[in-house]
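Visitor:
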Amino acid sequence: MRRKVIAGNWKMNMLPNEAIQMITELEPLVKDTNNEVVLCVPFTDLFYALNVAQGTNIKIGAQNMHFEEKGAFTGEVSGKMLKSIGTEYVIIGHSERRQYFAETDETVNKKIKAAFENELKPIVCVGETLEQREAGNAYDIITNQTEKALEGLTENQVENTIIAYEPIWAIGTGKTATNEDANEAIKKIREKICQIYGQNIANRVIIQYGGSMKPSNAKELLEMSDIDGGLIGGASLKAEDFAAIVNFDK
Ligand code: PGA
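Following this line, the structure appears as structure tokens:
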């Protein structure tokens, strides 16, 4: 059985004092869950978030990293730096980074490899635009993104990569994919992984859904056969909302 991984993506929100307050409120609400609880926070919150989450079941992640270890890359943060303060997860290739910051399949692939070299767990985002969906290309786009993201990884690394299927038209729009559509897209991603790496690995890879997941729709999405968790933006900013999603199975 694959474990459910419920990850928050705070994006460019939350000052350190707000981060500390949110995590302090969240801790008692999620302490009894069997699901993996992750919050991916801005760089400026990492140190504080890690401190306040220490000794709890809340794991902390970053939202991006550079693939080089160090050097003349002004404004960037490396996997080694993230690891050095105890960060456990890192989101890679979020559609906002692909769209606004020129992230490509190639940089995504390099970043995943660098994440593993630094013992960080990557949450890799794939997803189609509305245009691509309407043109009937959604499955090609997402299986292609997945294949390129995983290229050159060891089987063990593939198995430990978390994939987040996030249809771009559903992010921050209030529009959610239907349970069936989300599950179907995730099945296609799993089939692709099966074709390349075999059934055993495909069965183990955790594939989340992301895009306007909230307390009111989380349960039905997370109970689908192939949806192994959520990557949650807006609804991860409030402890109560995020906890309701984490506790969807209570
Ligand atoms: P949303 O964002 O939940 O606000 O739609 C999800 C994401 O971008 O990861």
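So the number in this note's numbering is just where the residue sits in the sequence shown, counting from 1, plus 1422. We put the beta carbon where it would ideally sit given N, CA and C, even for glycine.
Going by the C-beta, is N1431 closer than 8 angstroms to any heavy atom of ligand 1?
Guide: Residue numbering aside, residue 1431 sits at position 9 when the sequence shown is read from its first letter. Because some heavy atom of ligand 1 lies under 8 angstroms away, the Cβ of N1431 counts as near it: yes.
Visitor: Please determine, among I1608, H1488 and Q1617, the residue with the shortest C-alpha to C-alpha distance to R1519.
Guide: Numbered from its first residue, the sequence shown carries residue 1519 at position 97. The option with the nearest alpha carbon to R1519 is H1488.
Visitor: Just to confirm, does T1595 get its C-beta within under 8 angstroms of one of the non-hydrogen atoms of ligand 1?
Guide: Locating residue 1595 in the sequence shown gives position 173, counting from the first residue. Checking every heavy atom of ligand 1 against the Cβ of T1595, one is found closer than 8 angstroms.
Visitor: Pop quiz: N1431 and G1655 are said to be a contact at Cβ under 8 angstroms. What is the actual Cβ separation, rounded to whole angstroms?
Guide: Within the sequence shown, residue 1431 is the residue found at index 9, counting from 1. Within the sequence shown, residue 1655 is the residue found at index 233, counting from 1. 5 angstroms between Cβ atoms; contact.
Visitor: Please classify T1466 as buried or exposed, where buried requires at least 16 other C-beta atoms within 10 Å of its C-beta.
Guide: Within the sequence shown, the letter at position 44 stands for residue 1466. Exposed.
Visitor: Taking the alpha carbon of I1611 as the reference point, which residue from L1653, S1500 and A1586 has its own alpha carbon closest?
Guide: Translated into positions along the sequence shown, residue 1611 becomes position 189. Nearest C-alpha to I1611: A1586.
Visitor: Identify which residue in E1498, F1495 and L1504 has its Cα closest to the Cα of A1484.
Guide: Counted from its first residue, the sequence shown places residue 1484 at position 62. A1484 has its Cα closest to that of L1504, out of E1498, F1495 and L1504.
Visitor: Would you decide whether L1437 is buried or exposed? Buried here means 16 or more other CB atoms lie within 10 Å of its CB.
Guide: If you number the sequence shown from 1, residue 1437 lands on position 15. Exposed, by the Cβ-count rule.
Visitor: Given a cut-off of 9 angstroms, decide if E1613 and A1679 are closer than it, judged by their beta-carbon atoms.
Guide: Beyond the ends of the chain as shown, which are 1423 and 1672, falls residue 1679; an answer cannot be given.
Visitor: Roughly how many angstroms separate the alpha carbons of A1536 and Y1522, rounded to a whole number?
Guide: As a first step, residue 1536 is located in the sequence shown; it is residue number 114 there, counting from the start. As a first step, residue 1522 is located in the sequence shown; it is residue number 100 there, counting from the start. Computed Cα separation, rounded: 22 angstroms.
Visitor: With a cut-off of 8 angstroms, do at least 3 Cβ pairs link the segment 1643–1654 to the segment 1568–1580?
Guide: No, they do not touch.
Visitor: Look up G1652 in the DSSP assignment and say whether it is helix, strand or coil.
Guide: Numbered from 1 along the sequence shown, position 230 holds the residue referred to as residue 1652. Looking at G1652 - three-state DSSP - the assignment turns out to be strand.
Visitor: Whose C-beta lies closer than 7 angstroms to the C-beta of D1648 among residues of the same chain, with five residues either side of it excluded?
Guide: Within the sequence shown, the letter at position 226 stands for residue 1648. Result list for D1648: N1605, I1608, K1609, R1612 and I1629, in chain order.
Visitor: Is the beta carbon of L1552 within less than 8 angstroms of some heavy atom of ligand 1?
Guide: Indexing the sequence shown from 1 puts residue 1552 at position 130. No; taking the cut-off as 8 angstroms, the Cβ of L1552 has no heavy atom of ligand 1 nearer than that.
Visitor: Report the rounded CA-to-CA distance for N1473 versus S1638, giving the unit in angstroms.
Guide: In the sequence shown, the residue the question calls residue 1473 occupies position 51. In the sequence shown, the residue the question calls residue 1638 occupies position 216. So the two alpha carbons sit approximately 31 angstroms from each other.
Visitor: Could you pull the start and end residues of the beta strand (DSSP E) that Q1630 belongs to?
Guide: Here residue 1630 corresponds to residue number 208 of the sequence shown, with the count starting at 1. I1629 to G1632 is the extent of the beta strand (DSSP E) around Q1630.
Visitor: Throw me the rounded Cβ distance for the I1545 and I1514 pair, which I believe falls under 8 angstroms.
Guide: Here residue 1545 corresponds to residue number 123 of the sequence shown, with the count starting at 1. Here residue 1514 corresponds to residue number 92 of the sequence shown, with the count starting at 1. With a Cβ gap of about 7 angstroms, I1545 and I1514 count as contacting.
Visitor: At a cut-off of 8 angstroms, would you count M1635 as near ligand 1, judging by its Cβ distance to the nearest heavy atom?
Guide: Against the sequence shown, residue 1635 aligns to sequence position 213. Yes, Cβ of M1635 sits closer than 8 angstroms to a heavy atom of ligand 1.
Visitor: When you measure from the CB of L1653 to every non-hydrogen atom of ligand 1, does any distance come out below 8 angstroms?
Guide: Locating residue 1653 in the sequence shown gives position 231, where the first residue counts as 1. Result yes, Cβ under 8 angstroms from ligand 1.
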